[in-house]
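K.L.:
Just so we're aligned, residue 225 is where the sequence shown starts under the working numbering, counting upward by one. I have a structure I would like to understand better, so I am pasting it below and will then ask my questions one at a time.
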Amino acid sequence: MRILGIESSCDECAAAVVEDGRTILSSVVATQIPVHAKYDGVVPELASRKHVEWISGVVGEALRTAGMKPSGLDGIAATARPGLIGALLVGLSYAKAMAWALDKPFVGINHILAHLYAPRLSGDIACPYIGLLVSGGHTLICRVDGFDDIIVLGTTIDDAVGEAFDKTARHFGFGYPGGLAIDVLARKGDPLAFRFPVPNLHKGEHRYDVSYSGLKTAAIRQLEQFRAPGSEASPENIAASFEKAAIDLLVSRLLRAVDDTGIRVVVAGGGVAANSYLRNLLGERKDLDVRFPPLELCGDNGAMIAGLAFERFRRGDRDPFTLNASPRVPVFRRLPGRSGA
Ligand code: KG4
Ligand code: ZN
225 MRILGIESSC DECAAAVVED GRTILSSVVA TQIPVHAKYD GVVPELASRK
275 HVEWISGVVG EALRTAGMKP SGLDGIAATA RPGLIGALLV GLSYAKAMAW
325 ALDKPFVGIN HILAHLYAPR LSGDIACPYI GLLVSGGHTL ICRVDGFDDI
375 IVLGTTIDDA VGEAFDKTAR HFGFGYPGGL AIDVLARKGD PLAFRFPVPN
425 LHKGEHRYDV SYSGLKTAAI RQLEQFRAPG SEASPENIAA SFEKAAIDLL
475 VSRLLRAVDD TGIRVVVAGG GVAANSYLRN LLGERKDLDV RFPPLELCGD
525 NGAMIAGLAF ERFRRGDRDP FTLNASPRVP VFRRLPGRSG A
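This is the structure:
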């Protein structure tokens with residue numbers, strides 16, 4: 225089964241053709257980062273307009289690289305939620321129009337579940353496992369019982385982890401998104417140079433939660449001091465200490481989930497899953513079976529959309545062309561006693 229997956233939820237205009245949920249025949253990602261860089265963040269209206277300009281070319285290139293005609297596809301899918309509503313509508317409408325014109329099955333895909341599917345493009349992973357979704361918009365620690373069956377154990381109570389990297393990076397003078405730039409700078413610094421505050425979220429319903437607003441503020445304050453005359457602090461040390469604090473917090477909550485559930489398979493996804501400190505730290509855990517997507521599948525891409533769509537098509541799912549895009553995070557099951565979406 226050859227599926228076309230389209231992703232346009234934020235600032236990447238992407239399409240891929242994937243065979244049987246495993247073999248990536250093509251994956252094209254056109255990034256809008258240069259378009260948004262001067263605004264220090266994604267401008268939703270500009271994102272939608274660029275998707276409109278680029279989507280035909282990106283889909284065409286994905287089909288050409290896969291050596292396929294549209295008529296050879298067995299199904300068409302696009303991200304339906306969550307994301308920027310205007311940006312989502314471009315990819316979703318394109319996919320629906322294509323599926324209607326070609327008389328092909330169509331499904332709309334949940335972007336969060338697709339990130340968690342990305343490591344499965346490299347090989348089967350038996351459920352249940354602990355999912356770690358870390359991106360610019362989301363931070364989730366969850367128990368994954370099936371490709372669309374997850375229970376959220378923990379999340380952030382304020383900023384997403386990638387958002388904390390991006391906001392802190394701005395104060396280093398890095399453009400948007402700055403996560404990778406902090407990661408690169410941190411490699412040259414001493415992670416033990418500064419001790420940043422650890423949020424006091426240990427008990428009850430916050431047992432697996434994280435918080436980043438305090439850490440972000442502390443790192444920014446440290447940077448301001450570094451600029452003061454006579455300061456011996458270095459940006460490298462601040463970056464390394466910030467990165468260590470941010471990732472150690474995440475990993476401590478993840479390990480709590482592993483210990484409490486007894487599930488020792490951990491599957492990461494999302495842009496921050498590209499972070500080298502996180503990959504090394506979890507990679508060293510010989511007591512865990514840790515799966516990361518390859519770097520090119522950590523950020524937004526069409527292959528994860530096509531991969532998850534394959535599972536849904538195989539189960540017999542079809543979505544109607546009336547399916548609408550939604551900016552909202554879907555309501556997942558949560559641990560009993562927890563509130564919120
Ligand atoms: O999954 P993604 O491409 O888009 C969202 O759905 O948000 O994730 C982008 C996020 C940005 O916040 C970016 O700064 C962060 O991933 N990121 C990183 C690294 N590479 C990308 N954060 C830390 N270290 C990295 N190496
Ligand atoms: Zn994403």
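Every residue gets a Cβ at the ideal spot worked out from N, C-alpha and C, and that includes glycine. Remember, predicted model here, so these are calculated numbers, not experimental data.
Would Val242 pass as a contact of Ala464 if the rule is Cβ separation under 7 Å?
P.N.:
Translated into positions along the sequence shown, residue 242 becomes position 18. Translated into positions along the sequence shown, residue 464 becomes position 240. Not a contact, by the Cβ cut-off of 7 Å.
K.L.:
Assign Gln449 to buried or exposed, taking buried as 16 or more other Cβ atoms, counted over all protein chains shown, within 10 Å of its Cβ.
P.N.:
Numbered from its first residue, the sequence shown carries residue 449 at position 225. It counts as exposed.
K.L.:
So Ala311 and Ser232 are supposed to be a Cβ contact under 8 Å. How far apart are they, rounded?
P.N.:
For this step, residue 311 is matched to residue 87 along the sequence shown. For this step, residue 232 is matched to residue 8 along the sequence shown. Contact holds; Cβ gap of about 5 Å.
K.L.:
In three-state DSSP terms, what is Ile487?
P.N.:
Here residue 487 is taken as the residue at index 263 of the sequence shown, counted from 1. Coil, per DSSP.
K.L.:
In whole angstroms, what is the alpha-carbon distance linking Lys274 and Thr380?
P.N.:
Here the question's residue 274 lines up with position 50 in the sequence shown. Here the question's residue 380 lines up with position 156 in the sequence shown. In a straight line, the C-alpha of Lys274 is about 31 Å away from that of Thr380.
K.L.:
May I ask which residues mark the beginning and end of the alpha helix (DSSP H) holding Asp390?
P.N.:
For this step, residue 390 is matched to residue 166 along the sequence shown. Where Asp390 is concerned, the enclosing alpha helix (DSSP H) stretches over Val385 to Phe396.
K.L.:
Does the Cβ of Ser346 lie closer than 6 Å to at least one heavy atom of the ligand ZN?
P.N.:
In the sequence shown, residue 346 corresponds to position 122, counting from 1. False, no ligand heavy atom lies under 6 Å from that Cβ.
K.L.:
Given a cut-off of 7 Å on the beta-carbon distance, is the pair Ala319 and Ile406 in contact?
P.N.:
The residue labelled residue 319 in the question sits at position 95 within the sequence shown. The residue labelled residue 406 in the question sits at position 182 within the sequence shown. In this structure, Ile406 does not lie closer than 7 Å to Ala319 by Cβ.
K.L.:
Under 7 Å Cβ to Cβ from Leu532, same chain only, skipping five residues before and after it: list those, please.
P.N.:
Indexing the sequence shown from 1 puts residue 532 at position 308. Closer than 7 Å at the Cβ level, and outside the excluded window around Leu532, lie Ile333, Leu337, Ala338, Tyr341 and Phe371.
K.L.:
Nearest by alpha-carbon distance to Ala492: which of Ile349, Ala261, Arg305 and Val266 is it?
P.N.:
Stepping through the sequence shown from its first residue, residue 492 is reached at position 268. Here the closest residue by C-alpha is Ile349.
K.L.:
Considering only the alpha carbon of each residue, which of Arg246, Glu269 and Ser280 lies closest to Ala254?
P.N.:
Position 30 of the sequence shown, counting from 1, holds the residue named residue 254. Nearest of Arg246, Glu269 and Ser280 to Ala254, Cα basis: Ser280.
K.L.:
With a CB to CB cut of under 6 Å and the five nearest residues on each side skipped, what residues in its chain are close to Ala417?
P.N.:
The residue you call residue 417 lines up with position 193 of the sequence shown. So the qualifying residues of the chain are Asn461 and Ser465.
K.L.:
Pick out the complete alpha helix (DSSP H) segments inside the stretch 240 to 316, 4 residues or longer, and give them in chain order.
P.N.:
Counting only runs of 4 or more, we get 257 to 260 and 268 to 289.
K.L.:
For Lys522, which option in Met225, Ile227, Arg226 and Glu236 has the closest C-alpha, if you only look at C-alpha atoms?
P.N.:
Stepping through the sequence shown from its first residue, residue 522 is reached at position 298. It is Cys, not Lys, that sits at residue 522 in the sequence shown. Nearest option by C-alpha distance: Glu236.
K.L.:
For Val422, does the three-state DSSP call read helix, strand or coil?
P.N.:
Numbered from its first residue, the sequence shown carries residue 422 at position 198. Coil at Val422, not helix or strand.
K.L.:
May I have the straight-line CA-CA distance separating Ala565 from Leu316, to the nearest angstrom?
P.N.:
Residue numbering aside, residue 565 sits at position 341 when the sequence shown is read from its first letter. Residue numbering aside, residue 316 sits at position 92 when the sequence shown is read from its first letter. Reliability of the predicted coordinates at Ala565 is poor, the pLDDT of 39 falling under 50, and no value is obtained from them.
K.L.:
Do you know whose CA, among Val408, Ala410, Glu387 and Lys412, lies nearest Pro401's CA?
P.N.:
In the sequence shown, the residue the question calls residue 401 occupies position 177. Among Val408, Ala410, Glu387 and Lys412, the Cα nearest to that of Pro401 belongs to Glu387.
K.L.:
Measure the alpha-carbon distance for Arg477 versus Gly355 and round it to whole angstroms.
P.N.:
Against the sequence shown, residue 477 aligns to sequence position 253. Against the sequence shown, residue 355 aligns to sequence position 131. Approximately 12 Å, taken between the alpha carbons.
K.L.:
Contact defined as beta carbons within less than 8 Å: I believe Asp390 pairs with Gly403. What is the distance between those atoms, to the nearest angstrom?
P.N.:
Along the sequence shown, one-based indexing puts residue 390 at 166. Along the sequence shown, one-based indexing puts residue 403 at 179. That belief holds up - the Cβ atoms of Asp390 and Gly403 are roughly 6 Å apart, short of 8 Å.
K.L.:
So, Leu345 versus His395, is the Cβ gap smaller than 7 Å?
P.N.:
The residue you call residue 345 lines up with position 121 of the sequence shown. The residue you call residue 395 lines up with position 171 of the sequence shown. Against a cut-off of 7 Å, the Cβ pair of His395 and Leu345 comes out as no contact.
K.L.:
What did DSSP end up calling Phe450 once you bin it into helix, strand or coil?
P.N.:
Within the sequence shown, the letter at position 226 stands for residue 450. Phe450: helix per DSSP, three-state reduction.
K.L.:
Following the continuous alpha helix (DSSP H) through Phe534, name the residue where it begins and the one where it ends.
P.N.:
Your numbering for residue 534 matches position 310 in the sequence shown. Looking at the DSSP string, the run of the alpha helix (DSSP H) that includes Phe534 is Ala527 to Arg538.
K.L.:
Output needed for Pro329: all residues of its chain with C-beta closer than 8 Å, excluding positions within five of it in sequence on either side, in chain order.
P.N.:
Numbered from its first residue, the sequence shown carries residue 329 at position 105. Same-chain partners within the cutoff: Asp298, Gly299, Ile300, Ala323, Phe537 and Arg542.
K.L.:
Collect the residues with a C-beta less than 5 Å away from any heavy atom of the ligand KG4 and give them in sequence order along the chain.
P.N.:
Chain-ordered list of matching residues: Ser359, Gly360, Gly361, Gly386, Phe389, Asp390, Pro401, Gly403, Leu404, Asp407, Gly494, Gly495, Val496, Ala498, Asn499, Gly523 and Asp524.
K.L.:
Counting only runs of 4+ residues fully inside the stretch 329 to 371, write out the alpha helix (DSSP H) ranges in chain order.
P.N.:
Fully enclosed alpha helix (DSSP H) runs of 4 or longer: 335 to 341.
K.L.:
Opposite Val553 in the DSSP bridges: which residues?
P.N.:
In the sequence shown, the residue the question calls residue 553 occupies position 329. DSSP, once it has assigned bridges, lists no residue as partnering Val553.
K.L.:
On the DSSP bridge list, what partners appear for Val408?
P.N.:
Along the sequence shown, one-based indexing puts residue 408 at 184. Looking at the DSSP assignment, Val408 forms no beta bridge with any residue, so it has no partner.
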